[in-house]
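Trainee: Quick one: this structure, given as structure tokens, is what I'll be asking you about.
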Amino acid sequence: MTLLALVVVPALGAVGAYAHRGTAYRTAWLLGTSAVHAGLVTAAWVSRPAPVLGGWVALDDLGALVLTIVSVLFLVVAVYAVGYLRHENPRGGRAFVSCLLAFLAAASLVSLSHHLGVLWVGMEASTLAIAPLIYHRHDRRSLEAVWKYLVLSSVGIALALLGTFFMATAQFAVPATDRPLVLADLVGRAPQLHPAWLKAAFVFLLAGYGTKMGLAPLHTWKPDTYGEAPSPVGALMCGGLTALAFLGVARTTQVVAAAGLASFAQPVLIGFGVVSLVVAAAFVLGQADLRRLLAYSSVEHMGLLVLGLGLGGTGTYGSALHLVNNALAKGLLFLAVGNVVLAAGTSSGSVRGLGRALPISAALLVVGLFAATGSPPFGPFLSEFIILRAAVAGGHTTLALVVVALLATIFAGMAVSILRVVHGEPSPGIRPEADHAWLVAGPITLALTVLLLGLYVPAPLGEALRHAAAALGGIAP
Amino acid sequence: MTPLLVGLALVLLGGVAAVALARRPHLAARVFVVLVVSGAGTALVPAVRVLRGAALATIELPTQVPGGPWVMGLDALSAWFLVLILGVGALAAIFGAWYLAAEVEHGGVPQTQLGFAFLLVALALVVSAQATLFFLAAWELMALACYFLIVFDHRRAEVRRAGLVYLVATHAATLLLIVMFGLWSRHAPDFTFASLAAVAGELGATRSLLLGLGLVAFGLKAGLVPLHFWLPEAHASAPSHVSAIMSGVMIKVGIYGMLRLVAMLGAPPAWWGWTVLILGAVSGVLGVLWALAQHDLKRLLAYHSVENIGIILVGLGAGALGLAYRIPLLAALGVLGAVLHTLNHALFKGLLFLGAGGILRATGTRELEHLGALARRMPLTWITFLIGSIAIVGLPPLNGFVSEWVVFQALFHAGLSGTPAALAVFGAAALGLIGGLALLCFAKVCGTVFLGHPRTPAAGDAVEVPAAAWGPMLALALACGLLGVLPGIVIPSAARVVATVAGIPADVIGELTRPALSGAARISVLAAVLLGVTGLTAVLRATAQRRTAVAAGATWACGYAAPTTRMQYSASSFAAPLVDVFGKLAGVTVERTAQAFATHPANVVLDRALEPAWRAVRRAGARLRPIQQGRLQLYLLYIVATVSVLLLYLAVFGGAR
Amino acid sequence: MTAVTWVALGLTLVAAPALPGIVNRTKSLLTGRRGAPVTQLYRDLARLWRKGTVYSRTTTWVFRIAPILLLATTAAAACLLPLDGRSALLTFAGDFIAFAGLLALGRFALVLAALDTGSSFEGMGASREGTFGSMGEPALVLCFAALALATGGTSLALMFSEAPSLWSADGPALAMVAGALLLLTIAETGRVPVDDPATHLELTMIHEVMVLDHSGPDLAIVQYATALKLALFGTMIVDVLVPRAGLPVAASLAVWLVALGAVAVALGVVEAMMARMSLARVPRFLVAAGILPAFAIILLLGSAG
Amino acid sequence: MTTLSSLLLTLVVLTDFAILGTSRLSTCIRAIGAQGLLLAVLPLALHPGWSLHIIGLALGTGVVKAVALPWFLRWAIREANVRREVEPLIGFTTSVLLGAAAVAVAFVVAPRLPLPEREGTLLVAVALSNVLTGLIVLTSRRKAITQVVGYLMLENGIFVFGLTQAERVPFLLELGVLLDVFVGVFIMGIVVFHINREFDTLSSSRLEELKEP
């Protein structure tokens, strides 16, 4: 029941939010639904619910990680949205909250689906739920952004659908008792899957979900979308939506690894990882616009995720952990940038002196910078360390050094852009009310959590990560 | 360990209190000083006990992350650095409270105090961390705290630039350390230092790689040439008491890292010893040479940090050669020299930077060409600064001499060893040159800042700093004097550090360092002789002068009647003959006109190598930019192309399982 | 440390002012002049000691203490040298660093005193003194290193008492060291061709222009200390060249004094034969002084290996 | 594989060429509608058993792909006053030649694929042809609305491939897929509508404001 409730509650919430006209009512509805969702997730952690719907919907550790990420991030964004909606009144406010909640429902479906087809349906639904949110300003730029987002994501996700069918085709040799595209059966009988179709499925699913993750060179929608989306939506996208897409890639890898074809998948994943890092490094340098900067930083982190996945061994553990850390750190950074945009009216990076004019948000921005670039003792450091260690442990010392050089470049680029707006004499016209409690409470929580995760990985989380790594064919360090 | 934790907590509390009491700056400063000093004092207790031979202590922090527990422990090596961190740190905190008082209305002071407290705590944690992730976390905390201290005056563009260069450099170091520890830990069950040290024997060829990576990463922090590029600007930009900590203490953490690396990995290969030795010699010579070219007081002092890191590394290199070629005496003397010089440099460089801060506050400038004649206006600053200068030049009877003396002996013993290490004796020539150049440089500093005529009204109207400022300077000066005259009091403790690093039992080290100890006693006698002869000569001259007239007059100007202050020898011209000798290496552009002579120093590595490299990287990045030109059809083509490439891969590798 | 050592120290202190006299006398004779008597410096010192002192109003206590410190450091350095050819008053491993350090401290004091006057001339002299001093430093260290390698000792007493007995084995190396020490003596004590104590053009001076403002007893102390320094460097040359460890005490001291005189004569000959070189060439002169012992070290390392 | 299904599949490829070759938007939309209709009939022809599953699939496909979407696209063109030309980036002849090459590739590759049953070959070949021609339309046409058409072609190709698995893939899932495609195209249509209101022409080449400087 819990599992279905996780999807149904936000879906009903979406409908409920659309039903009423009052803004206060809608924000309360948003907060309430996300709190209930978070409660359900907690309940699912306390006692793991059994699979339902013939094993199509189930909760394993990898799914639980993604689900938790999305739920926590959504709660934070919901709180943030309360403050945000006071300053920005998006046109079609009703649709705003409804779409947010619809996204939550779709995301829950993705996290819970143990059927690759359902996974695809959820993924497409989450893509579509986000689209109206990007367009909420109804101007040319956001229109262009949403158009590119829609077309590129749709093409990507169409490729993923083709891959899903390939996966079903790969099952032709297994006994008819196996349920098609159900994860447990795919994994359980992976060695009997047809290798060529499985590999083809992997290629298309990777390209498809990779587009949604924003792996270079499939990332091209990302900067435009992140640059135009409202900050709460951006935070959800770079923390939540990417995690969902990664889950798609991870599920595929899970099957491929179980089939003993990891040696086919790994070079591809590593290749995507390195290319993403290179592209991120190239575009982060000299990037003035803060939100586009975050988009490229997101490309970087997606690269790290598939890199860890591709390295195998402890790298998968690193990836799973990095998924959590990335969501927290990027969510924090995006909301902090959101405050900057609220205060200065632009994310173009032309403001100065936020450290004086907007101290709390500026501090959050700086913390986010160091967290997102993997400085110890923040959580991302831990996961990046594990991934890099997996690289050297796997004998990829050169790769590790290249990655380190790229990470250093990205750090330099991000530090230049972000610290430039923090320091200096404050620009005129910065609205200090962006440091309001509603607007900083969420990011502060994220900052503390991401710091905590660098120092203390709670036992249940550690256990989940270990199982997730094992499911992906790796081990815990 | 408890006093250490309590002490560090007190230090941190001091920082927090400074922020909490931000509305009452005087009270905040006082509370900050009291808490930091008492915290440092408390934390020093276990460190001193360990240095006097107490057993090692460790605890595990209540963290829970992959890679094993976060162990915190104090051995002699940690304790030695802890003493230096907390000792200089407490004095700098006192000075800093006064120094920052003038900045209160500009804002940012409470945050700076907090950052300072964080820096001290992070430094202490770095040297007491005994597990990889803990070490890296403390390391980064140190780096970041320091960054925010450097950009205290972030309204100035050059400060922001210095901060950024520093930040990127330190982040690069962190990343290299990550690779190093990652490589190392793949053989170990967990990431604690104990486990890493246990697998040191199984590393094979990786060991060399680790040492190489460690040298670069820790070298970046220590500021050895050519990795020093971030250092001069950063040290010059930070508030002076922070500069004192950075130059005196923080860069030593790089040395600590190298020592810890040797301690954990065992005897390094000979190439590492040679590299360290040669880089040390190069850093020493170039550091002091570039210092000579400066006329910004703090930047000049920062370059001297490069020089002194060079001297430390010459010692460490000699010690490493001793370990590599199995010459215990050489190993003991080399590392002893390095360890002693680390302490000594912290004392006198801390003193000099505090002095520079006092001068900056009193005159408003750090530009040598704008100062002069401060000896009359600021006598206490002058005396302490002079003591620091004599110490840093390595002249008897002060502490700098003692450690250089040990390093020299190490090099001579290398020469006598009859092994390939004998060539290290040429390092002595480098040390000699460094000493001579340092003398020239500090003659320039003392002469232009404190002696002669004031070059600007600001220098002429300077007022002596209050006790809160000269107190810490005096304490450091007394320490310099004490360790110079009675070096025997620290050598046994330093020997314990050497035992930890070189992996030689303490009693054997005691035997090996006995000549140093007895020599130290003679140095005390020599100091007494010097004092005696000076007194005797003074008395003699006094008797002579009692019988004859002592008159005051104008300086003899070789017949010229009306010399002006503009005719005084300037800092640029003082260093000119030497800068001429070294030519391009000195990194100076000279401006010579009929009326004036001026030199413009450059940060050779940063300006001529890294800046162009950085621009090249950015250009390369810009080359990729056209791929994101906004056309959707093109983006779709990327997807098609990517899928095509993947399908090609599939076609090639798709068949077999 | 015996009474002989004290006697030797006393002799040094007494005989030192004679050495510049010998140098100048030799030079005069060789250039066809009679020249001042050998004891000229004694007379000068005595006269200066009785004269009044003028201190510039610009100067501080630094200016006053510098001559004293110069003499004190030189005298303390004398305690480290085995003047009697056997042992020194104070000897310990690595005392050569103290020797070099003490001389450097004296130089530092004198340079600061020069800058204390605020005069551009003295600043110029100080700058030159510091520059050339710094470049002489590695040469001096390398000389000590060569001697240490030859004798196996790291104290001045061991180095200089053992060195002369090794001529049969390490003759070329020792010759190079002796040559380098001679060059250093010239540079450190401000003799031709590096510096000319007798010049009258301030712009070309090094040492002399730095002490322009010293007068009376102060000037006497500075001149005496310079002479003492010459004696110390001379003694080092003597100790490398002349084996006197086996001689009876009195003979040893006598040989030493005679040899010291010979060194002074040699300096005088050099001064007579050579002209003052341009300032730009001095660094090369000092580098040459460093290369000699470096070669010596390579020779010694080669023979040891 | 019945003759009917072979015929239907051939017609599907022909509609692809119609879309590639035409210069008129309305023809494009008519062709994609026709393709939807063919696809709706295809399951019935392929799986003569006519189970509830197959009938439902055919009905759903017919409603969504043959009726709703073409109607909606036509509405968008009308309401937004779109000019009726296709505006290709490459010529129509070139498009057709490219399409022919793509179809050739598809028909060369398909028999080489290790398929469970031989009869599926034509199905797979047509599926791949559709995917490839869909990609050609997507990358070579300027107008936003033609890109929607290209996307639909791509989806149709995948749908054809999915028919090889129609027996195995549950009905619920196919419904979900259909629904998603419908909503996707619906949203795209709305965006197209807005684009035209904002920009005076419905050419997506004007949508190039967001880029790296």
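Residue numbers (this note's numbering), protein chains in the order written: chain A, 36 to 512; chain H, 266 to 922; chain P, 4 to 308; chain S, 5 to 217. We treat Cβ as the ideally placed atom computed from N, Cα and C, and that holds for glycine. These numbers were taken from a predicted model, which means no experiment stands behind them.
(1) For the alpha helix (DSSP H) containing A:T444, list its first residue and its last residue.
(2) Taking 8 angstroms as the threshold (C-beta atoms), are P:G293 and P:A142 in contact?
(3) Please look up how many angstroms separate the CB atoms of P:G109 and P:L118, rounded, as I've assumed it's under 8 angstroms.
(4) Looking at the C-beta of S:S133, does it have a partner C-beta in chain H at a distance below 8 angstroms?
(5) Whose CA, out of S:N134, S:F175, S:E216, S:N200, lies closest to the CA of S:R87?
(6) Within the continuous alpha helix (DSSP H) that includes P:P200, where are the two ends?
(7) At a CB-CB cut-off below 7 angstroms, which residues of chain H make contact with P:A2?
(8) Return the CA-CA distance between H:L612 and H:P737, expressed in angstroms with no decimal places.
(9) In the DSSP assignment, the alpha helix (DSSP H) including A:L110 goes from what residue to what residue?
(10) Helix, strand or coil: which one does DSSP assign to H:Y412?
(11) So that I know if they touch, is there some Cβ in chain S lying closer than 8 angstroms to that of A:D259?
(12) Within a Cβ cutoff of 7 angstroms, which residues of the same chain sit near P:L145, ignoring the five residues on either side of it in sequence?
(13) At a Cβ threshold of 8 angstroms, is P:P141 touching chain H?
(14) Give a yes or no on whether the minimum CB-CB distance between S:T143 and chain H is below 8 angstroms.
(15) Pull out every residue of the stretch 447-463 of chain A whose Cβ sits closer than 7 angstroms to any Cβ of chain H, in chain order.
(16) Whose CA, out of H:G272, H:P375, H:I415, lies closest to the CA of H:L347?
(17) What number of angstroms, rounded off, separates the C-alpha of H:V931 from the C-alpha of H:H500?
(18) Name, please, each residue of chain H whose Cβ falls closer than 9 angstroms to the Cβ of S:L93.
(19) Out of H:L578, H:L565, H:A687, state which residue places its alpha-carbon closest to the alpha-carbon of H:M523.
(20) Considering only DSSP beta bridges, list what H:E632 is partnered with.
(21) Does DSSP put S:P118 in a helix, in a strand, or in coil?
(22) Of all the beta strand (DSSP E) runs that stay within the bounds of the stretch 757-839 of chain H, which reach a length of 3 or more residues?
(23) For S:E212, return the contacting residues in chain H, with the cut-off set at a CB-CB distance below 9 angstroms.
(24) Is there a Cβ from chain A that is less than 8 angstroms from the Cβ of S:L206?
(25) Are there any heavy atoms of the ligand NAP lying less than 7 angstroms away from the beta-carbon of H:K709, as far as the coordinates show?
(26) Cβ of A:A469 within 8 angstroms of Cβ of A:N374?
(27) Please report the Cβ distance between A:V190 and H:I904, rounded to the nearest whole angstrom; I am assuming they are in contact, meaning their Cβ atoms lie under 8 angstroms.
(28) List the residues of chain H whose Cβ lies closer than 8 angstroms to the Cβ of S:L117, in chain order.
(29) Suppose you measure from the CA of H:G580 to the CA of H:V671; what does that come to, to the nearest Å?
(30) Should S:I94 be labelled buried (16 or more other beta-carbon atoms within 10 Å of its own) or exposed?
(31) Can you confirm whether P:G182, when its beta carbon is compared against all beta carbons of chain H, has any partner nearer than 8 angstroms?
(32) The beta strand (DSSP E) with S:I149 in it runs from where to where?
(33) Report yes if the CB atom of A:L135 is closer than 8 angstroms to the CB atom of A:L38, and no otherwise.
(34) Less than 7 angstroms between C-beta atoms, sequence neighbours within five positions excluded: which residues of the same chain meet that for P:A91?
(35) Between which two residues does the beta strand (DSSP E) carrying S:H51 extend?
(36) Is the separation between the beta-carbon of P:S59 and that of P:D221 shorter than 8 angstroms?
Mentor: Per the coordinate set shown:
(1) A:T444 -> alpha helix (DSSP H) spans 432-457.
(2) Taking 8 angstroms as the Cβ cut-off, P:A142 and P:G293 qualify as a contacting pair.
(3) Between the beta-carbon of P:G109 and that of P:L118 there is about 15 angstroms, and that puts the pair past the 8 angstroms contact cut.
(4) Chain H, which has no Cβ nearer than 8 angstroms to the Cβ of S:S133, makes this no.
(5) Comparing Cα-Cα distances from S:R87 to each of S:N134, S:F175, S:E216, S:N200, the minimum goes to S:N200.
(6) Here P:P200 belongs to no alpha helix (DSSP H), and DSSP marks it neither H nor E.
(7) Since the first residue shown for chain P is 4 and the last is 308, residue 2 of chain P is missing from the structure and cannot be characterised.
(8) A direct Cα-to-Cα measurement between H:L612 and H:P737 gives close to 11 angstroms.
(9) Segment 96-122, the alpha helix (DSSP H) holding A:L110.
(10) DSSP places H:Y412 in helix when its eight states are reduced to three.
(11) In terms of beta-carbon proximity, A:D259 lines the interface with chain S, with at least one pair separated by less than 8 angstroms.
(12) Cβ neighbours of P:L145 within its own chain (closer than 7 angstroms, five residues either side excluded): G293, P296, A297, I300.
(13) Yes - at least one Cβ of chain H is within 8 angstroms of the one on P:P141.
(14) At least one chain H Cβ lies under 8 angstroms of S:T143.
(15) Near chain H, meaning a CB-to-CB distance below 7 angstroms, the residues of the stretch 447-463 of chain A are A447, A450, V451, L454, H458, G459, E460.
(16) Checked all of H:G272, H:P375, H:I415; the closest Cα to H:L347 is H:G272.
(17) With chain H covering only 266 through 922, there is no way to say anything about residue 931 of chain H.
(18) For S:L93, the chain H residues whose Cβ falls inside 9 angstroms of its Cβ are Q898, in order along the chain.
(19) For H:M523, the nearest C-alpha among the options comes from H:L578.
(20) The partner list for H:E632 (beta bridge, DSSP) reads H:D561.
(21) Coil.
(22) Given a length threshold of 3 residues, each whole run of the beta strand (DSSP E) inside the stretch 757-839 of chain H is given here in chain order: 815-818.
(23) Those are Q894, G895, R896, L897, listed as they occur along chain H.
(24) Since pLDDT at S:L206 reaches only 46, below the 50 mark, its modelled position is unreliable, and no value is offered.
(25) In terms of ligand content, the structure shown is empty, and the ligand NAP therefore cannot be addressed.
(26) It is a contact, given that the beta carbons lie within the stated cut-off.
(27) For A:V190 against H:I904, the beta-carbon gap comes to about 6 angstroms, under 8 angstroms, which counts as contact.
(28) Within chain H, no residue comes near S:L117; the closest Cβ sits about 10 angstroms away, beyond 8 angstroms.
(29) One alpha carbon belongs to H:G580, the other to H:V671, and they sit about 8 angstroms apart.
(30) Result: exposed.
(31) The beta carbon of P:G182 sits no closer than 8 angstroms to any beta carbon of chain H.
(32) First-last for S:I149: 148-167, but that is the alpha helix (DSSP H), not the beta strand (DSSP E).
(33) For A:L135 and A:L38, no; Cβs fall outside 8 angstroms.
(34) Same-chain partners within the cutoff: T8, C82, L83, L84, P85, L159, A160.
(35) First-last for S:H51: undefined, no H or E at that position.
(36) Here P:S59 is not near P:D221, since their CB atoms are 8 angstroms or more apart.
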